[in-house]
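S.K.: What follows is a single structure, and I will ask about it in a moment.
In the UniProt record's numbering, the protein residues as written are 1 to 203.
Listed below in structure tokens is the structure:
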């Protein structure tokens with residue numbers, strides 16, 4: 001984490017809520033099922049005596065809000081990418097048996113994100129593109145884009161695991177991309193459009 005923080009200058013001019021403490025607060029919110037900054041702040045305050053042992057401390061809601069909007073998001077993206085292989089170690093199945101679920105989810109954002117997440121006039125949003133391993137019960141890849149990026153556009157940048165079986169919806173309808181999966185020895189499960197021409201070559 002220290003190397004990533006230094007790379008992006010994420011703690012430059014920061015006095016209280018360092019990246020590490022910010023991450024712990026976000027992690028607490030995720031694990032506790034908190035649905036707002038207020039819940040995170042209140043919950044952490046109730047465990048103040050325990051926070052010291054993990055290098056954390058209670059945080060103010062305004063400070064957390066500022067950190068969420070100003071700290072480079074790339075810090076957490078790279079941290080996730082480095083931690084994921086460690087969490088996935090020992091749980092990987094043979095590639096030939098691997099199933100990967102591909103989907104995306106959209107998030108409405110405030111105008112603070114207008115520099116990169118403009119969806120339409122006065123509407124701002126982001127989209128998380130995820131490849132999920134149902135056997136390990138965790139994502140194996142994700143990327144964040146502006147909400148107006150099509151699912152198939154993001155999918156074409158995803159790494160392909162040779163031999164894996166991919167499952168996805170009509171948002172990933174692209175013959176060229178399907179051909180790439182086929183060339184990698186992958187199988188895929190999806191729906192066809194009603195007007196899709198096809199020939200049955202074997203049963």
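From the three backbone atoms N, C-alpha and C, an ideal C-beta is built for every residue, glycine too.
In this text, all values refer to a predicted model and were calculated from it rather than measured experimentally.
Can you give me the C-alpha to C-alpha distance between residue 179 and residue 68, rounded to a whole angstrom?
M.R.: The sequence position of residue 179 within the chain shown is 179, counting from 1. The sequence position of residue 68 within the chain shown is 68, counting from 1. Cα-Cα distance, rounded: 40 Å.
S.K.: Here's a check: name, in chain order, each residue in its chain whose Cβ is nearer than 7 Å to the Cβ of residue 184, leaving out the five neighbours to either side.
M.R.: The residue labelled residue 184 in the question sits at position 184 within the chain shown. Excluding residues within five positions, the ones whose Cβ falls inside 7 Å are 160 and 162.
S.K.: Can you check whether the CB of residue 19 is closer than 9 Å to the CB of residue 71?
M.R.: Within the chain shown, residue 71 is the residue found at index 71, counting from 1. Within the chain shown, residue 19 is the residue found at index 19, counting from 1. Yes, the pair counts as a contact, with Cβ atoms nearer than the cut-off.
S.K.: Identify whether residue 36 lies in helix, strand or coil by the three-state DSSP scheme.
M.R.: By 1-based counting over the chain shown, the position of residue 36 is 36. Three-state DSSP puts residue 36 in coil, outside helix and strand.
S.K.: Using the DSSP secondary-structure output, state which residues sit across from residue 17 in a beta bridge.
M.R.: To locate residue 17, count along the chain shown from 1; it is residue 17. According to DSSP, residue 17 bridges with nothing at all.
S.K.: Hey, is residue 185 close to the ligand SAH, as in C-beta under 8 Å from one of its heavy atoms?
M.R.: The model on display carries no ligand, and the ligand SAH is accordingly not part of it.
S.K.: Quick one, which of 140, 54 and 41 has its alpha-carbon nearest residue 86's?
M.R.: Looking up residue 86 in the chain shown gives position 86. Answer by Cα proximity: 140.
S.K.: Looking at the structure shown, is residue 42 part of a helix, part of a strand, or coil, going by DSSP?
M.R.: Residue mapping note: residue 42 aligns to position 42 of the chain shown, counting from 1. Helix at residue 42.
S.K.: Would you tell me roughly how many angstroms separate the C-alpha atoms of residue 63 and residue 17, rounded to the nearest one?
M.R.: Looking up residue 63 in the chain shown gives position 63. Looking up residue 17 in the chain shown gives position 17. Computed Cα separation, rounded: 7 Å.
S.K.: Quick one: complete alpha helix (DSSP H) runs, 4+ long, within the UniProt domain "Transposase IS4-like" (98-196)?
M.R.: Within the UniProt domain "Transposase IS4-like" (98-196), the complete alpha helix (DSSP H) runs of at least 4 residues are 151-155 and 175-183.
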